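Working notes, structure below.
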Amino acid sequence: MFGNLVSLIELMNSRILRELAALYDFKVKELLSWVKCLNFIRNLCAHNSNILDVKLKTAPVKRESWNEFLYIIRKGDSERPTNRFAIVLLIVIEFVRKINDSYRWNNIRSNLYAIRNSSDKNVQLLGFKDNNTSLNPDKIIDYLEK
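Just so we're aligned, residue 0 is where the sequence shown starts under numbering that gives the first Met the number 0, counting upward by one.
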């Protein structure tokens, strides 16, 4: 069903697509990229796959403001943000805060704190920069709600 919705969004003419993206305060490229990413993650979850270990082959569009939270992969002179779970979580937060601004983040917050209390390596494997600055659930949610 969600996959059908993604297909419908892709088939919309550009004017309607711009209007839809504007409803969420997204750019058209962000909306398309993010619904495709969420569809992929939804399919993984529906088939009992482990999304914590996922590596996205097609990286979704990333907002510059997310750099504060994302682990950056450096190879030689090039840098790129992670393609792991953290970017998916940031996309979910962006959608949820637009759809339901009174959503209580308690479950997500408590799970992120549990992850945060593990090692820096585990935090980075999920795609977050580190325990203290980037994987602070309150900071992530508050920052993205601006």
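By construction, the Cβ of each residue, glycine as well, lies at the ideal position given by its N, Cα and C atoms. Bear in mind the structure is a predicted one, so any value in this text is a computation, not a measurement.
CA-CA distance, R41 to V87, rounds to 11 Å. Out of L89, I71, L111, the CA that lies nearest to the CA of L37 is found in L89. Taking a contact as a CB-CB distance under 8 Å, the pair L22 and I8 does not count as one, their CB atoms being some 12 Å apart.
Per the C-alpha coordinates, the member of W33, K54, E63, M0 positioned closest to L125 is K54.
Exclusion of the five residues before and after V34 leaves V5, I8 as the residues of its chain whose Cβ lies within less than 7 Å of its Cβ.
For the 9 Å CB-CB criterion, Y70 and A85 form a contact. Where R79 is concerned, the enclosing beta strand (DSSP E) starts and stops at 77-80.
Listed in chain order, the alpha helix (DSSP H) elements of length 4 or more contained wholly in the segment 21-96 are 27-45. Take the alpha-carbon of I50 and the one of Q123: they are about 15 Å apart.
Only residues of its own chain outside the window of five on either side were considered, and among them I50 have a CB closer than 7 Å to the CB of C44, listed in chain order. For Y112, the closest alpha carbon among the candidates D137, K97, A20 is that of D137. Its chain contains I72 as the residues whose beta carbon lies nearer than 6 Å to that of R79, once the 5 sequence neighbours on both sides are disregarded; these appear in chain order.
In terms of Cβ geometry, I92 and I139 form a close pair [threshold 9 Å].
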